[in-house]
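Heads up: the structure comes next, in structure tokens.
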Amino acid sequence: MSAVPLMSVEDLSVEFRTRHGVVRALERVGFSIARGETVGIVGESGSGKSVTAFTVLGLLPPAGRVTSGRAVFGGLDLLTASAGQLLEYRGRELSMIFQSPRTALNPIRPVGKQIADVLERHANLPRARRRDRVLELLARVQIPDPERRYHAYPFELSGGMCQRVMIALAVACSPALLIADEPTTGLDVTTQAGILDLLGDLSRTAGMATIMITHDLAVVAERCDRIVVMHAGHVVEQAPARTLFARPRHPYTARLLASTPRAGAKLADLTPIPGAVPDLRGETTPCRYRTRCERAAAVCDRPPLPREVVAPGHVVACARPL
Ligand SMILES: Nc1ncnc2c1ncn2[C@@H]1O[C@H](COP(=O)(O)OP(=O)(O)OP(=O)(O)O)[C@@H](O)[C@H]1O
Ligand SMILES: [Mg+2]
32 MSAVPLMSVE DLSVEFRTRH GVVRALERVG FSIARGETVG IVGESGSGKS
82 VTAFTVLGLL PPAGRVTSGR AVFGGLDLLT ASAGQLLEYR GRELSMIFQS
132 PRTALNPIRP VGKQIADVLE RHANLPRARR RDRVLELLAR VQIPDPERRY
182 HAYPFELSGG MCQRVMIALA VACSPALLIA DEPTTGLDVT TQAGILDLLG
232 DLSRTAGMAT IMITHDLAVV AERCDRIVVM HAGHVVEQAP ARTLFARPRH
282 PYTARLLAST PRAGAKLADL TPIPGAVPDL RGETTPCRYR TRCERAAAVC
332 DRPPLPREVV APGHVVACAR PL
């Protein structure tokens with residue numbers, strides 16, 4: 032890992048105003064990513080993975096508000112950047128694969144043209160070469176018969192195929208950082224492996240850094256250098272992938288690993304995580320895992336939530352780590 036991170040997210044807090052009160056979706060989230068690195072973000076549904084990604088890209092919905100923090104990328108704080116600066120960065124330096132690909136594609140423009148548009152806007156490529164580059168990208172994301180599919184509209188393609196078009200769009204300009212939110216959900220296993228190989232290739236050959244948001248711990252174990260574990264809007268633990276799997280220190284991480292099927296595991300060996308992600312409206316306890324945690328004690332109620340560096344690159348937000 033190089034000394035200067037490619038992107039550094041610090042102290043990021045985000046709230047949503049809703050009819051039922053203010054939802055504190057993220058509280059003091061922090062992590063960083065180096066050039067060429069692949070960082071996995073894992074956690075149950077509602078833990079704040081997508082909100083983190085949207086916030087960094089300046090794509091929070093109007094009900095969302097950043098209440099603290101920075102996301103520094105190439106010397107620029109993305110959270111205070113102008114719309115123009117962000118637009119310039121998005122698509123070229125920074126790119127994202129969304130959780131729902133169909134909504135991210137323009138429904139009334141052929142998919143090949145959409146990718147060509149991105150190349151026109153951001154890549155220094157002569158017009159005559161653009162089409163070839165699009166076909167090459169479509170082939171790389173394993174779209175059969177790219178010549179024909181170039182002219183297809185999103186509604187003519189299956190969900191999995193749209194997903195792959197999204198991925199081609201996202202990597203078209205060789206971004207420095209790709210944020211991939213469940214990039215392979217819904218794809219069959221072979222295509223999934225192909226896409227993940229492509230992302231791995233881009234990281235090795237083009238130095239692309241990837242933030243991989245996923246429920247699939249097998250994917251992060253295999254593909255990520257480091258892992259950030261989120262629970263209820265907090266980063267509860269982060270560590271190099273190998274360390275995290277070998278020796279999780281946060282009780283939530285340990286539960287998350289135990290609740291996930293691994294090769295050769297029996298269904299009976301899986302233990303579900305007790306309780307549910309807490310309600311994030313109004314006041315919350317310093318540790319948001321407190322009510323679910325078998326190790327909870329009085330010390331856990333003392334603010335602020337600790338952040339202990341237990342080994343180089345291994346940080347645990349727990350007063351009573353394992
Ligand atoms: N537009 C919104 N209005 C109100 N609350 C929101 C909004 N978007 C997200 N939230 C809240 O923010 C929290 C985090 O949601 P987020 O979508 O980031 O979860 P996630 O970790 O991506 O989950 P999943 O794995 O299901 O995609 C949740 O409590 C959610 O209810
Ligand atoms: Mg999500």
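One rule links them: number in our numbering = place in the sequence shown (from 1) + 31.
For each residue, glycine too, the CB sits at the ideal point set by N, CA and C.
Bear in mind that the values here come from a model prediction, so they are computed numbers and not experimental data.
Classify Val35 as helix, strand or coil using the three-state DSSP reduction. In the structure shown, Val35 sits in coil (DSSP, three-state: anything other than H, G, I, E or B).
Going by DSSP in three states, Met197 sits in which element: helix, strand or coil? Helix at Met197.
Out of Pro214, Pro92, Arg323, which has the shortest C-alpha to C-alpha gap to Gly306? Arg323
Within 7 Å of ligand 2: residues by beta-carbon to any heavy atom: Lys80, Ser81, Gln130, Asp212, Glu213, Ile244
Taking only the alpha-carbon atoms, compute the straight-line gap between Thr134 and Ala328 and give it to the nearest angstrom. Approximately 45 Å between the Cα atoms of the pair.
Tell me, please, which residues DSSP counts as bridged to Ala28. Shown here, the chain extends from 32 to 353; a query on residue 28 therefore has no answer.
Endpoints, the alpha helix (DSSP H) within which Asp282 is located: Here residue 282 is Pro; the residue named in the question, Asp, does not match the sequence. Taken as a continuous stretch (DSSP letters only), the alpha helix (DSSP H) holding Pro282 covers 282 to 289.
Just mark Asp232 as buried or exposed, buried being the case when its beta carbon has 16 or more other beta carbons within 10 Å. exposed
Mind checking who Leu57 pairs with in its DSSP beta bridge? Answer by DSSP bridge pairing, in chain order: Val45.
What residue range does the beta strand (DSSP E) around Pro177 cover? Pro177 -> not in any beta strand (DSSP E); alpha helix (DSSP H) instead, spanning 177 to 180.
Whole-angstrom distance between Thr215 and Gln223, CA atom to CA atom: 5 Å
Any heavy atom of ligand 1 inside 7 Å of the beta-carbon of Ser44? no
Could you tell me the boundaries of the beta strand (DSSP E) in which Asp212 lies? 208 to 212
Alpha carbon to alpha carbon, how far is His345 from Pro271? 7 Å
Going by beta-carbon coordinates alone, are Gly122 and Val87 separated by less than 8 Å? no
Endpoints, the beta strand (DSSP E) within which Ser131 is located: It is not in any beta strand (DSSP E) - Ser131 carries neither H nor E in the DSSP assignment.
Under the criterion of a Cβ to heavy atom distance below 7 Å, does His51 qualify as lining ligand 1? no
Do Asp42 and Ser78 have their beta-carbon atoms positioned less than 8 Å apart in this structure? no
Would you list the residues sitting across from Leu107 in a DSSP beta bridge? Phe104
Would you say Ala102 touches ligand 3, meaning its beta carbon is less than 7 Å from a heavy atom? This structure lacks ligand 3; the ligands present are ligand 1 and ligand 2.
CB-CB under 8 Å to Ser81, same chain, minus the five flanking residues each way: which ones, in chain order? Gln130, Asp212, Ile244
Per-residue burial, His51 [other beta carbons within 10 Å of its own, 16 or more giving buried]: exposed
Beta-carbon proximity check, Leu110 vs Val97, cutoff 8 Å: yes
Output yes or no for whether 8 Å exceeds the beta carbon distance between Leu275 and Ile258. Closer than 8 Å, so yes.
Simplified DSSP state of Ala112, which is helix, strand or coil: coil
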